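Asker:
There are 2 protein chains.
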Amino acid sequence: MKPYAVGVDVGGTTVKIGIFRTTGDLLQKWEIPTDKSEKGRNILPDIAKSVRDMLSAKKIGLEDIQGIGIGVPGAILNRSVVNRAVNIGWDLVPVKEQMEKLFDSKVNVLVGNDANVAALGEMWQGGGRGFQDIVMVTLGTGVGGGIILHEQILDGTFGAAGEIGHMTVNPQETRICGCGKRGHLEQYASATGIAYTARTVVAQTKEDTLLKGKSRITAKDVFDAAKKNDAVALKIVDYTAEILGRALAAVATVVDPQAFVIGGGVSKAGPILTDTVQKYYKKYAFHASEDTKFVLATLGNDAGFFGAVRMVL
Amino acid sequence: MKPYAVGVDVGGTTVKIGIFRTTGDLLQKWEIPTDKSEKGRNILPDIAKSVRDMLSAKKIGLEDIQGIGIGVPGAILNRSVVNRAVNIGWDLVPVKEQMEKLFDSKVNVLVGNDANVAALGEMWQGGGRGFQDIVMVTLGTGVGGGIILHEQILDGTFGAAGEIGHMTVNPQETRICGCGKRGHLEQYASATGIAYTARTVVAQTKEDTLLKGKSRITAKDVFDAAKKNDAVALKIVDYTAEILGRALAAVATVVDPQAFVIGGGVSKAGPILTDTVQKYYKKYAFHASEDTKFVLATLGNDAGFFGAVRMVL
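If you read the protein sequences in the order shown, they are chains C and L.
Per the numbering used here, the first sequence starts with residue 30, numbered consecutively.
Per the numbering used here, the second sequence starts with residue 30, numbered consecutively.
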């Protein structure tokens with residue numbers, strides 16, 4: 030194994046990059062803006078230039094690089110080609126091929142889905158450290174998921190393994206999910222979903238609540254109020270946690286992981302959320318899997334480039 | 030690779046055994062009764078004697094055996110130890126160790142869960158041939174499941190991967206599932222579940238139906254009537270297929286397989302069931318995974334020992 034490797038996480042606003050020793054130590058991390066103009070055609074050249082500059086500054090030659098792992102918010106074919114990444118303007122982009130060319134064919138490049146590489150990062154050096162089989166759930170604007178089995182990303186046939194945000198949890202739902210279908214986990218357990226639930230409940234309730242009178246209630250408002258024992262907020266947390274706990278119990282009947290790693294902005298609510306989710310998980314889980322561990326993600330926005338580099342190690 | 034291998038499928042009534050060439054050809058299959066007396070302590074010695082007799086008759090020496098794979102209806106630890114197999118009276122049984130001893134430590138033995146090895150068998154030489162990543166669903170008295178990824182059984186942390194019969198599909202259900210919890214897929218999509226639905230519907234409907242007047246309606250009665258365009262029977266099939274299709278769409282958000290292989294007695298209903306399940310699958314599936322293949326299992330009761338032998342090849 031060569032001494033260094035590079036992890037890259039391409040996001041809709043910034044690209045996060047890390048240079049690692051292949052022992053796993055992070056040497057340097059930085060970020061550059063994502064240039065989405067012209068269908069995102071500058072993104073890979075920008076990354077290549079920035080990585081080359083940083084390597085030069087550190088006096089690291091390309092011959093000392095084990096590989097470059099890249100996480101992209103889209104469906105990935107064969108660890109090589111991105112098949113649509115709407116957020117950054119890409120259609121079909123042969124990332125591995127283009128990126129290897131940008132490094133004079135001296136460096137091996139592998140590509141992964143952003144949620145999946147984040148899961149791998151958390152398994153490697155984050156909340157999932159010590160486990161080989163985890164399911165990561167990212168509760169942000171949407172609900173992302175990544176499945177790691179035997180320390181490897183599970184991609185799925187259509188690149189859709191771990192898309193648990195789009196599990197139908199309420200077939201009676203009339204609202205439409207971002208994906209075009211209805212009643213998906215993401216519509217309830219994302220920050221957006223929790224805020225929607227809260228606004229609906231507050232508009233209807235006659236109970237007193239700290240959430241009343243807010244011009245636009247957020248998920249954070251709900252958890253803040255719940256921590257102050259606000260009965261209405263607690264009910265919203267309970268409602269959300271039951272849906273999420275039940276969905277994770279369904280996930281466990283499929284892959285039966287060692288641990289669920291909960292990340293994303295909503296997870297900052299901490300135990301008031303995760304303990305309740307775990308309570309409902311136990312209620313709905315198949316008896317053999319009731320004791321699956323629940324841990325919080327710890328790498329935050331760095332999980333992506335940690336997992337990306339792990340792919341090439 | 031040595032020229033021969035043995036597959037064994039331990040069931041509650043009979044043990045099914047096959048001798049294979051390691052090229053995959055089945056040379057001989059037979060079965061012996063399962064002796065459940067004395068906590069099932071005779072089962073492994075009975076199998077060993079029967080296999081040894083058959084090998085002698087075929088003039089095959091133990092030194093020509095690549096290995097013996099055994100499927101058991103219970104949770105398996107580390108491909109070696111059975112941790113409870115209620116149907117055959119076993120608590121903690123070190124099957125690999127005991128069986129290898131019964132073959133004078135000359136043969137390697139591996140152990141798998143019966144539903145999981147059946148899935149592996151179907152992938153290898155049954156309905157799932159040509160695929161590497163499948164989910165098998167067995168619709169029988171209960172609903173069993175097995176997950177094969179990269180041609181390998183997924184066991185799960187607690188031996189519970191693929192237990193999709195115990196996915197909660199209706200949290201409002203009041204009836205209790207065989208496992209002790211409520212609202213599980215098995216309560217609707219098994220032969221027992223379909224018969225229950227049918228009896229409930231027929232007791233309440235005012236419509237004319239072929240199912241009326243039967244002393245005890247079975248799942249087969251429902252499909253037979255549906256094939257004759259009986260409106261009530263068709264509604265029951267539709268109701269069942271929607272629940273199953275939605276559950277499989279949930280499974281696909283986790284592992285995104287190439288194909289679902291549908292087996293078990295209920296699958297004998299054929300296209301009237303599977304086409305309807307697939308219709309609802311497409312309705313509920315995440316868009317990327319809508320085109321997952323649906324195929325029928327073809328090995329019937331032989332799937333278990335086919336998959337068991339595949340473990341040692």
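Virtual Cβ for every residue (Gly too), placed ideally from N, Cα, C.
Quantities reported herein were computed from a predicted structural model and do not represent experimental measurements.
If you measure from the beta carbon of G343(L) to each beta carbon in chain C, is any gap under 9 Å?
Answerer: Lying outside 30 to 342, the shown extent of chain L, residue 343(L) is not represented and no answer is given.
Asker: So if I threshold CB-CB distances at 9 Å, which residues from the segment 299-321 of chain L count as touching chain C?
Answerer: Answer in chain order: K312, Y313, A314, F315, H316, A317, S318, E319, D320, T321.
Asker: By alpha-carbon positions, which one of Q154(C), V290(C), Q287(C), A190(C) ends up nearest to Q345(L)?
Answerer: The structure shown does not extend to residue 345(L), since chain L is modelled only from 30 to 342, so the question has no answer here.
Asker: Looking only at its own chain, which residues have a Cβ that is under 7 Å from the Cβ of N330(C), when we skip the five neighbours before and after it?
Answerer: Excluding positions up to five away in sequence, the list reads K45.
Asker: Would a check of beta-carbon distances place T197(L) closer than 9 Å to chain C?
Answerer: With 9 Å as the cut-off, T197(L) counts as an interface residue toward chain C.
Asker: So D162(C) contacts chain L; which residues on that side make the cut at Cβ distance below 7 Å?
Answerer: The contacting residues are T186.
Asker: Just the chain C side, please: which residues come within less than 7 Å of R275(L) by C-beta, in chain order?
Answerer: Ordered by position in chain C, the residues that pass the 7 Å Cβ test against R275(L) are T197, P200.
Asker: Grab me the residues of G41(C)'s own chain with a C-beta within less than 8 Å of its C-beta, minus the 5 sequence neighbours each way, in chain order.
Answerer: These residues qualify, in order along the chain: T63, K65, P102, N116, I117.
Asker: Considering only DSSP beta bridges, list what K322(C) is partnered with.
Answerer: Answer by DSSP bridge pairing, in chain order: A288(C).
Asker: Under the three-state reduction of DSSP, which class applies to K58(C): helix, strand or coil?
Answerer: Three-state DSSP puts K58(C) in a strand.
Asker: Do G336(L) and V138(L) come within 9 Å of each other at the CB atom, strictly closer than that value?
Answerer: Taking 9 Å as the Cβ cut-off, V138(L) and G336(L) do not qualify as a contacting pair.
Asker: Out of curiosity, what's the CA-to-CA distance linking L273(C) and G207(C)?
Answerer: Computed Cα separation, rounded: 18 Å.
Asker: Report the neighbours of T226(C) on chain L: residues whose CB is nearer than 9 Å to its CB, in chain order.
Answerer: Near T226(C) there are no residues of chain L at all, since even the closest Cβ is about 17 Å away, more than 9 Å.
Asker: Check whether chain C comes within 9 Å of V231(L), counting only Cβ atoms and requiring the distance to be less than that.
Answerer: So no, V231(L) is outside the interface.
Asker: Would T282(L) pass as an interface residue toward chain C - the criterion being a Cβ-Cβ separation below 9 Å?
Answerer: With 9 Å as the cut-off, T282(L) counts as an interface residue toward chain C.
Asker: Please report how far the alpha carbon of A144(L) lies from the alpha carbon of G150(L), in whole angstroms.
Answerer: Spanning the two alpha carbons is a distance of roughly 10 Å.
Asker: In chain L, which residues lie less than 7 Å from D237(C) when you measure between Cβ atoms?
Answerer: Within chain L, no residue comes near D237(C); the closest Cβ sits about 29 Å away, beyond 7 Å.
Asker: Give me, in chain order, the residues of the same chain whose beta-carbon lies closer than 7 Å to that of T311(C); leave out the 5 immediate sequence neighbours on both sides.
Answerer: First, the residue type needs correcting, since residue 311(C) is Lys and not Thr in the sequence shown. If we look at K311(C) and ignore the five residues flanking it on each side, its Cβ neighbours are E319.
Asker: For the beta strand (DSSP E) holding G174(C), just list the boundary residues, first then last.
Answerer: Note, G174(C): beta strand (DSSP E), 172-178.
Asker: Go ahead and label T229(C) buried or exposed: buried means 16 or more other beta carbons lie within 10 angstroms of its beta carbon, across all protein chains shown.
Answerer: With fewer than 16 Cβ atoms within 10 Å of its Cβ, T229(C) is classed as exposed.
Asker: Exposed or buried, what is R275(L) when buried is set at 16 or more other beta-carbons lying within 10 Å of its beta-carbon?
Answerer: So R275(L) counts as buried.
Asker: Hey, which unbroken runs of the alpha helix (DSSP H) at 4 residues or more fall wholly within the segment 136-224 of chain C?
Answerer: Listed in chain order, the complete alpha helix (DSSP H) runs (minimum 4 residues) inside the segment 136-224 of chain C are 143-154, 215-218.
Asker: If you check the beta carbons only, do L214(L) and V266(L) fall under 9 Å apart?
Answerer: No, the pair does not count as a contact, with Cβ atoms beyond the cut-off.
Asker: By DSSP, does A314(L) sit in helix, in strand, or in coil?
Answerer: DSSP places A314(L) in coil when its eight states are reduced to three.
Asker: When the Cα atoms are used, what is the spatial distance from G185(L) to T282(C)?
Answerer: Distance between the alpha carbons of G185(L) and T282(C): 9 Å.
Asker: On a CA-only basis, which of A254(C), N142(C), I193(C) is nearest A314(L)? Give me that one, please.
Answerer: Out of A254(C), N142(C), I193(C), I193(C) has the C-alpha closest to the C-alpha of A314(L).
Asker: Looking only at its own chain, which residues have a Cβ that is under 8 Å from the Cβ of I246(L), when we skip the five neighbours before and after it?
Answerer: Excluding positions up to five away in sequence, the list reads A224, A227, R228, V231, L240.
Asker: Quick one: what's got a C-beta closer than 6 Å to K68(C)'s C-beta in the same chain, skipping five residues either side?
Answerer: Hits under 6 Å: G118.
Asker: My understanding is that D259(C) touches T238(C), with C-beta atoms under 8 Å, so please give their C-beta distance in whole angstroms.
Answerer: Right, their Cβ atoms sit about 5 Å apart.
Asker: I'd like to confirm the pairing. Which residues does DSSP put opposite R50(L) in its beta bridges?
Answerer: The partner list for R50(L) (beta bridge, DSSP) reads Y33(L).
Asker: Taking any Cβ of chain C, which residues in the segment 49-78 of chain L have a Cβ under 7 Å from it, in chain order?
Answerer: Within the segment 49-78 of chain L, no residue qualifies.
Asker: From L73(L) to E60(L), what does the alpha carbon distance come to, in whole angstroms?
Answerer: Looking at the two C-alpha atoms, the distance is approximately 14 Å.
Asker: Which residues of chain L have a Cβ atom closer than 7 Å to the Cβ of D285(C), listed in chain order?
Answerer: Ordered by position in chain L, the residues that pass the 7 Å Cβ test against D285(C) are G185, T186, F187, A189, A190.
Asker: Classify D38(L): buried if its beta carbon has 16 or more other beta carbons within 10 angstroms, exposed otherwise.
Answerer: So D38(L) counts as buried.
Asker: Please classify M128(L): is it buried, with 16 or more other beta-carbons within 10 angstroms of its beta-carbon, or exposed?
Answerer: So M128(L) ends up on the buried side.
Asker: By how many angstroms is the C-alpha of Q233(C) removed from the C-alpha of I105(C)?
Answerer: Spanning the two alpha carbons is a distance of roughly 44 Å.
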